[in-house]
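Heads up, the sequence shown stops at 285 in the working numbering, and the numbers go up one at a time, no gaps. Quick reminder that beta carbons are idealized off the backbone N, C-alpha and C, glycines included. Below is one structure, written out as structure tokens; comments come after it.
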Amino acid sequence: MRSGVLKLSLSSSLTLTHTLTFSSSLSVPKTPFLLSFRHSLSHSAAASKTQLFIPPGVEPHEVNDSMLLPCSNIAVGPYAGDSRIKEVQFVKSSARAKDCPRDDRPEFAVLGRSNVGKSSLINSLVRKKEIALTSKKPGKTQLINHFLVNKSWYLVDLPGYGFAKAPEASKTDWSSFTKGYFLNRSTLVAVLLLIDASVPPQKIDLDCANWLGRNNIPITFVFTKCDKMKVAKGKRPDENIRDFQELIRQHYKQHPPWIMTSSVTGLGRDELLLHMSQLRNYWDQ
Numbered sequence: 001m002r003s004g005v006l007k008l009s010l011s012s013s014l015t016l017t018h019t020l021t022f023s024s025s026l027s028v029p030k031t032p033f034l035l036s037f038r039h040s041l042s043h044s045a046a047a048s049k050t051q052l053f054i055p056p057g058v059e060p061h062e063v064n065d066s067m068l069l070p071c072s073n074i075a076v077g078p079y080a081g082d083s084r085i086k087e088v089q090f091v092k093s094s095a096r097a098k099d100c101p102r103d104d105r106p107e108f109a110v111l112g113r114s115n116v117g118k119s120s121l122i123n124s125l126v127r128k129k130e131i132a133l134t135s136k137k138p139g140k141t142q143l144i145n146h147f148l149v150n151k152s153w154y155l156v157d158l159p160g161y162g163f164a165k166a167p168e169a170s171k172t173d174w175s176s177f178t179k180g181y182f183l184n185r186s187t188l189v190a191v192l193l194l195i196d197a198s199v200p201p202q203k204i205d206l207d208c209a210n211w212l213g214r215n216n217i218p219i220t221f222v223f224t225k226c227d228k229m230k231v232a233k234g235k236r237p238d239e240n241i242r243d244f245q246e247l248i249r250q251h252y253k254q255h256p257p258w259i260m261t262s263s264v265t266g267l268g269r270d271e272l273l274l275h276m277s278q279l280r281n282y283w284d285q
């Protein structure tokens, strides 16, 4: 077992490790702006390896466009295994980090700002409706919820942050509650930090990403709601993602892994599971 497999710190000491397997069935969505975004990414891949997630077992000079997962910066390496989800079951809800399951199974924590689509993404990943609670009311998830996948690893639904409209009595102290989980959870393989791509970069998301980086917490940016072509007079999701990446690069020597998703169209679902499979297999050695 490898703890702290993928370490992300701020620019002074950034280390990235991990891997995946390529599947010939993966394809780029037909959405025009995604095709354009994928095209620009492929050109930047050869020019700037520091923007890519290069897995263990792969040297930077070996990376080429055919090794990249669609709509992501993730290169494919030799550690991926079977990424299919065959069985999922709810295990428990914990009010404190110390009450979480302690059976040494690897786990992925899903974190994000309230209303980012966290529960919808979890339901999409496991392909079971309402396995995770979905609600129009921000801040609904107030506990650490563990779901056992394939009887071998956990998917963890964490309380959202930034919900201003939640009742005062039900608000979670993110500093003492969720942060305690991150700092003391030795079985944590990676945090899937969800970022709403339909809106401009939010300071609260950047602050969360930087805190995780400063504390060497493994992280993957999962951009949600990428099916929305344009919101009112705002920018397209790919433009918001580029803006977010520019701000992240101010703090990270190398860009953390990231991927575009949509719970509506299924964009990025299989690729994200493949990425998680790679991280899990490398961690479990």
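Distance, residue j Cα to residue i Cα
{"i": "R280", "j": "P106", "result": "7 Å"}
{"i": "Q245", "j": "G117", "result": "20 Å"}
{"i": "V191", "j": "K151", "result": "20 Å"}
{"i": "H251", "j": "A197", "result": "20 Å"}
{"i": "Q89", "j": "M260", "result": "26 Å"}
{"i": "R113", "j": "Y282", "result": "29 Å"}
{"i": "F108", "j": "E59", "result": "26 Å"}
{"i": "L68", "j": "P200", "result": "26 Å"}
{"i": "D82", "j": "G268", "result": "16 Å"}
{"i": "P159", "j": "T187", "result": "19 Å"}
{"i": "L87", "j": "L273", "result": "Inspection of the sequence shows that residue 87 is occupied by Glu rather than by Leu. One C-alpha to the other measures close to 14 Å."}
{"i": "Q278", "j": "D227", "result": "26 Å"}
{"i": "D335", "j": "I217", "result": "Because the chain spans 1 through 285 in this model, residue 335 falls outside it and cannot be assessed."}
{"i": "V264", "j": "K225", "result": "8 Å"}
{"i": "V63", "j": "N73", "result": "11 Å"}
{"i": "A95", "j": "Q254", "result": "35 Å"}
{"i": "F177", "j": "G234", "result": "34 Å"}
{"i": "V189", "j": "L206", "result": "21 Å"}
{"i": "G139", "j": "G162", "result": "The predicted model places G139 with a pLDDT of 47, which falls under 50 and marks its position as unreliable; any figure quoted below should be read in that light. So the two alpha carbons sit approximately 8 Å from each other."}
{"i": "L111", "j": "N145", "result": "12 Å"}
{"i": "L183", "j": "D99", "result": "14 Å"}
{"i": "A97", "j": "R127", "result": "27 Å"}
{"i": "R249", "j": "Q285", "result": "31 Å"}
{"i": "F147", "j": "N215", "result": "25 Å"}
{"i": "K92", "j": "Q202", "result": "31 Å"}
Residues bridged to residue i [DSSP beta-bridge criterion]
{"i": "H146", "result": "K92, V156"}
{"i": "W283", "result": "Answer by DSSP bridge pairing: none, since W283 is not bridged."}
{"i": "S72", "result": "I259"}
{"i": "I315", "result": "Limits of the chain in this structure are 1 at one end and 285 at the other, which puts residue 315 out of reach."}
{"i": "Y161", "result": "R113"}
{"i": "T224", "result": "D196"}
Distance CB(residue i)-CB(residue j) smaller than 9 Å
{"i": "L194", "j": "V222", "result": "yes"}
{"i": "V149", "j": "I85", "result": "yes"}
{"i": "P101", "j": "Y181", "result": "no"}
{"i": "T71", "j": "E271", "result": "Per the sequence shown, residue 71 should be read as Cys rather than Thr. Yes, these two residues count as a Cβ contact at 9 Å."}
{"i": "A209", "j": "P257", "result": "no"}
{"i": "G266", "j": "S119", "result": "no"}
{"i": "D157", "j": "I122", "result": "yes"}
Alpha helix (DSSP H) segment containing residue i, residue limits
{"i": "I241", "result": "237-248"}
{"i": "F182", "result": "178-184"}
{"i": "V126", "result": "118-126"}
{"i": "L111", "result": "Run containing L111: none in the alpha helix (DSSP H); it sits in the beta strand (DSSP E), 107-112."}
{"i": "A97", "result": "Unbroken run through A97: none, as it is neither H nor E."}
{"i": "I204", "result": "203-214"}
Extent of the continuous beta strand (DSSP E) run through residue i
{"i": "A190", "result": "188-196"}
Heavy atom of the ligand ZN within 8 Å of residue i beta-carbon
{"i": "C208", "result": "Annotation note on the ligand ZN: not contained in the displayed structure, which lists no ligands."}
Report yes or no: do the segment 51-69 and the segment 78-88 share at least 3 C-beta pairs separated by less than 8 Å?
-> yes
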